[in-house]
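Residue numbers (the numbering used here), protein chains in the order written: chain A, 1 to 585; chain B, 1001 to 1585.
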């Protein structure tokens, strides 16, 4: 393939686009790879589309190699199947809904679990037909509340989504592993650095879930990793629960007057001044903070929930949200407090909480609030706190919840050392979906004993357009884009640096020869100053930059490696062979 | 590529799908290539997707070869650009409209003229940047009133749409010709029979337009062709206008009582009985029929229109609709007649019609109603007709309109002989759009004199999913599908006809050898009777069917040509070489 800058539909921009925050996004726009078409909507220009197609081809090859078969579903779908699975409601505002000319409800699919399930139900009926893995590479839609970061969180985006179908759990585990291996191969070929982390399941339901994250400080996802190899999405981090403590010697709980102490800080201050301990000062970790929120379930019902965490930690909204999905978390309003007079604002304590208490309000606690731990917490009346309140003796939580913030240095749950917090871009997600959709939509097959069994499924996604953005984001430097070899729009960016006829014709000849030798070439044949051409070559980011210029009189041309910045000279006469070696070697 | 029937995600069906009318559609569903997902919505199964991708690849290669560059726009778009061009309204119910979570109006794009225009405006500013041709292969949406015929008229479908940008008309003409040549090459490679016909422009506006039609009796489009090579979409047929006739000798128009003659037939009958001619009987061709319709313009205004045609011809609704676009034609109702008392139902005559008359009602006539022609027509009062009414003397039409039906045997407008009426599937459309969108959206460049000029555009479409359907429809036979070589999912369907270990292993070996030799193979390795396998092979339609069966003991296998039905035997030992020759030769 031979592209010419003189005719290529591209214009590089001097200034960063106003709406771009991330370096990769800025560079993709400035280099003329993508262009904003609306909020969260992007158009691909020719160079961008070449990268997109290279990425797509690698993903397809790896899926085909593992035995998955490609299909393709519409993006526009009738409501029915999504109503049957409950997702028509669960998706909330994130789902694009529309009516056709007959007034029938339709949606733009955010994912296709339902359709895949129904298609397999349509065609297959026996355990002999399984296992099956099918996939599509297709455009998806999500009406994001805050589209940002360009292709990383667009409202229209390309995804590879595959689904596995197995007759039993062992089969699902095997299909999951095959996908996991294929994903590792795929991301390696894409030139993407990645970490595999344990993940929550999101709105999908089910269990057994890992994310492929591309580590970068600008990533939207937070994850943790330990020196011993533990890695998890921050939503998925399990807090090691301490062993139960004996509490026979703990004095009975006692209520104290603590005027003007509605916050943890004021409470700790007051206690240290007025009720000092003998052994050490009170700290926030001695207190039990109770956060009240309102859950809104998909059917619209509202349920108050109190989350108890040690007072030295905040509740992490994303962790809490992930735990209560598909319910949505809303703030507990003044009106809500009026409706639940048992909750004394700023002084809520667990003595009145729990499904079995008079209030009936659900109470979930951080795993650190284990049996036998003792706490300073609200006494359910203004200006009073209770001391020596023992979990399991004086109050009974309804269960635990992973909602407290995770901190650098927290112990890994598997004992593999202290956690480090890092950020990354989610580029893939593999997930043992189980029987949720098969049950909702009636996908059963006959097993080897002639008995109908519900099929178990896995769901596996790669954001294709997002992978392009992740590659850009993690390879961009101060000069511009810098594509890994296998996804670059062209192997060689050939800069014709000079207007002499000998230079121009040598450049043309070399470009044609490289093209014939199987390399893809972008030749800058414009009537521009060399400085402009060099800057554009750095910005556009082909992995190898070749300069045909004045040194041609010495029989040499310059070769630059875009990523490392290394440059050297090679003989013009041997250039084709040498460049093929460097690009393909 | 080696596919195995034992694991391929496909099930052939015995019965035709209930909602399919066309043979190709039925076969695509029965053979497990596509599957209905909703009204006008189809999913592609693995074999169908392979055909789709083969078709897409050929289209892309030919577009790239002619120098067009691939881009990609979102399907979901904000309203703005389509409001600026007027199409937000013009498209009427055919446009899928939706609002996002902020209540902003969006659409699912039916075509992308606006976005292409804006993108070029964004990047380019000089005549030196042109000519430019850019294209995308992308999913489009139309909320069809009557989705039918499977992929031929779907609501979600894949299209290749390209646009050319030139500084002047000569440039546009050249870009148009390049696209025309590329389309000819594309359809030839796709194995599609086609006719290039002159076409109306539809809702696009502009001039200079041809359609590529694939002739088939089940086609939705009607076209005409003459022995001398004229071919046109029926909407585009021009009626040769007769020369003006002298009318000095024609007697003055005279009104006659014609009781009970509200139709042409009753009028001709009456005239022949009560007012016979000397020279020959009256015929319907002597009468002038005036059809009254209500035009509804995109802005909602309603305008009555009377169309006058010779009484022996009906008005062709599709021809009329094409002429008045973007206005819509509605019937003239009782209420409308009440509002226009000048129109005597059944006896409307041109004496009271025309923009310059008191009624102000627009009156357009068939070109055959030329100056000097004389007519029997309504006298604008019940039970009366006027005779010897001369066009140009007694009434003045506001212009002509191509709305009368076209008939077998009508003369071609270029004198190339009588027209034959045929049907076809529209597979491509090339169109000199002109400056409509560039003007609406302000796409101007500086010309060589430094003057701002409006760019002129061409628009060129190929229905990608529709091409798959057209190929199926025109190659299907009573046994099933029969793919042309270049689009078939596989070159060879290898039937293992027998359960003997020697047969099974010879089949496996041959399949692997063919795969290594670069052919794509679908091997039927299922534990099924040969009869079932043969029937499926015919239905699935790979161009070459190879049977490895009992004759293997004689060292031969059978080769069938799916399209011709020819079969012969070849030596197993020489099979790879021979099959490569046949498939690639």
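Positions of the beta carbon are idealized from the N, C-alpha and C atoms, including for glycine.
Only a predicted model underlies this, so the values are computations on that prediction, with no experimental measurement involved.
Next item on the list: Closer than 9 Å, Cβ to Cβ, to anything on chain B: give me those residues from the segment 58–71 of chain A, in chain order.
Entry: Of all residues in the segment 58–71 of chain A, 64, 67, 69, 70 and 71 have a Cβ within less than 9 Å of some Cβ in chain B.
Note to self: Could you check whether the segment 327–337 of chain A touches the segment 289–309 of chain A, counting it as contact only if at least three pairs of C-beta atoms, one from each stretch, sit closer than 8 Å?
What the structure shows: yes
Notebook entry, point to check: Can you tell which of A:171, A:50, A:104 and A:244 has the C-alpha that lies nearest to the C-alpha of residue 1097 of chain B?
Noted result: A:104
Next item on the list: Compute the Euclidean distance between the alpha carbons of residue 322 of chain A and residue 434 of chain A, then round it to the nearest angstrom.
Entry: 18 Å
Notebook entry, point to check: Checking contacts by CB at 8 Å: is residue 1005 of chain B closer than that to chain D?
Noted result: Chain labels in this structure do not include chain D; the protein chains are A and B.
Next item on the list: Might you give, ordered along the chain, the residues of its own chain that have their beta carbon closer than 7 Å to the beta carbon of residue 1067 of chain B, omitting 5 neighbours on each side?
Entry: 1133
Notebook entry, point to check: Closer than 8 Å, CB to CB, is residue 1044 of chain B near chain A or not?
Noted result: Yes - at least one Cβ of chain A is within 8 Å of the one on residue 1044 of chain B.
Note to self: Spatial neighbours of residue 1130 of chain B within its chain, please: C-beta separation below 6 Å, excluding the five flanking residues on both sides.
What the structure shows: 1165, 1166 and 1167
Check: Among B:1404, B:1522 and B:1345, which has the Cα closest to the Cα of residue 1379 of chain B?
Finding: Ranking B:1404, B:1522 and B:1345 by CA distance to the CA of residue 1379 of chain B puts B:1345 first.
Item checked: First through last residue of the beta strand (DSSP E) which encompasses residue 289 of chain A -> 288–296
Item checked: Three-state secondary structure (DSSP) of residue 1283 of chain B -> coil
Notebook entry, point to check: Is the beta carbon of residue 1159 of chain B sitting closer than 8 Å to the one on residue 1463 of chain B?
Noted result: Cβ atoms of residue 1159 of chain B and residue 1463 of chain B: closer than 8 Å.
Next item on the list: Please name the residue or residues paired with residue 478 of chain A in a DSSP beta bridge.
Entry: Per DSSP, none; premise fails for residue 478 of chain A.
Item checked: Straight-line gap, residue 29 of chain A to residue 1083 of chain B (C-alpha atoms, nearest Å) -> Rounded to the nearest angstrom, the two C-alpha atoms are 26 Å apart.
Next item on the list: For the segment 316–342 of chain A, enumerate the residues whose C-beta is nearer than 8 Å to any C-beta of chain B, in chain order.
Entry: none
Next item on the list: State the Cα-Cα distance for the pair residue 544 of chain A and residue 1449 of chain B, rounded to the nearest angstrom.
Entry: 40 Å
Next item on the list: Write down the C-beta distance between residue 71 of chain A and residue 443 of chain A rounded to the nearest angstrom, noting that I regard them as a contact closer than 8 Å.
Entry: About 16 Å; that fails the 8 Å criterion.
Next item on the list: Could you tell me which residues DSSP pairs with residue 44 of chain A in its beta bridges?
Entry: A:34 and B:1072
Notebook entry, point to check: What residues in the segment 483–515 of chain A bring their beta carbon closer than 9 Å to a beta carbon of chain B?
Noted result: Residues of the segment 483–515 of chain A with a C-beta less than 9 Å from any C-beta of chain B: none at all.
Checklist line | Closer than 8 Å to chain B by CB, residue 141 of chain A | finding: Output row for residue 141 of chain A: interface = yes.
Check: Just the Cα atoms here: how many angstroms apart are residue 1523 of chain B and residue 1034 of chain B?
Finding: 20 Å
Notebook entry, point to check: Using a beta-carbon distance below 8 Å, is residue 1264 of chain B in contact with chain A?
Noted result: No Cβ of chain A is located within less than 8 Å of the beta carbon of residue 1264 of chain B.
Next item on the list: Drop a sphere of 10 angstroms on the beta-carbon of residue 1217 of chain B, count the other beta-carbons inside from all chains shown, and report buried for 16 or more, exposed for fewer.
Entry: exposed
Next item on the list: Pull up the distance between the alpha-carbon of residue 202 of chain A and that of residue 429 of chain A, whole angstroms please.
Entry: At residue 202 of chain A, the pLDDT of 43 sits below 50, so the modelled position is not reliable and the matter cannot be decided from this model.
Next item on the list: With DSSP as the reference, please indicate the residues paired to residue 138 of chain A in a beta bridge.
Entry: A:159
Check: Applying the criterion that 16 or more other CB atoms from any shown protein chain within 10 Å of the CB defines a buried residue, is residue 1138 of chain B buried or exposed?
Finding: buried
Notebook entry, point to check: When the Cα atoms are used, what is the spatial distance from residue 1107 of chain B to residue 107 of chain A?
Noted result: 13 Å
Note to self: Using only the alpha-carbon positions, how far apart do residue 1085 of chain B and residue 1091 of chain B sit?
What the structure shows: Rounded to the nearest angstrom, the two C-alpha atoms are 11 Å apart.
Margin query: Can you look up residue 270 of chain A in the DSSP assignment and give me helix, strand or coil?
Written below: helix
Notebook entry, point to check: Can you name the start and end residues of the beta strand (DSSP E) that residue 381 of chain A belongs to?
Noted result: Careful: residue 381 of chain A lies outside any beta strand (DSSP E) and carries neither H nor E.
Next item on the list: Take residue 169 of chain A as the anchor and find which of A:484, A:457, A:585 and A:485 has the nearest alpha-carbon.
Entry: Taking only the C-alpha atoms, the option nearest residue 169 of chain A is A:457.
Check: Should residue 1342 of chain B go down as buried or exposed, given a rule of 16 or more other Cβ atoms within 10 Å for buried?
Finding: Counting the other Cβ atoms within 10 Å of the Cβ of residue 1342 of chain B gives fewer than 16, which makes it exposed.
Check: In the segment 1149–1165 of chain B, which residues sit with their C-beta less than 8 Å from some C-beta in chain A, listed in chain order?
Finding: 1155 and 1156
Next item on the list: Output, in chain order, the set of chain A residues within a Cβ distance shorter than 7 Å of residue 1078 of chain B.
Entry: 38
Margin query: Would residue 427 of chain A and residue 406 of chain A be called neighbours here (beta carbons separated by less than 8 Å)?
Written below: In this structure, the beta-carbon distance from residue 427 of chain A to residue 406 of chain A does not fall below 8 Å.
Next item on the list: Please state whether DSSP places residue 1390 of chain B in a helix, a strand or coil.
Entry: strand
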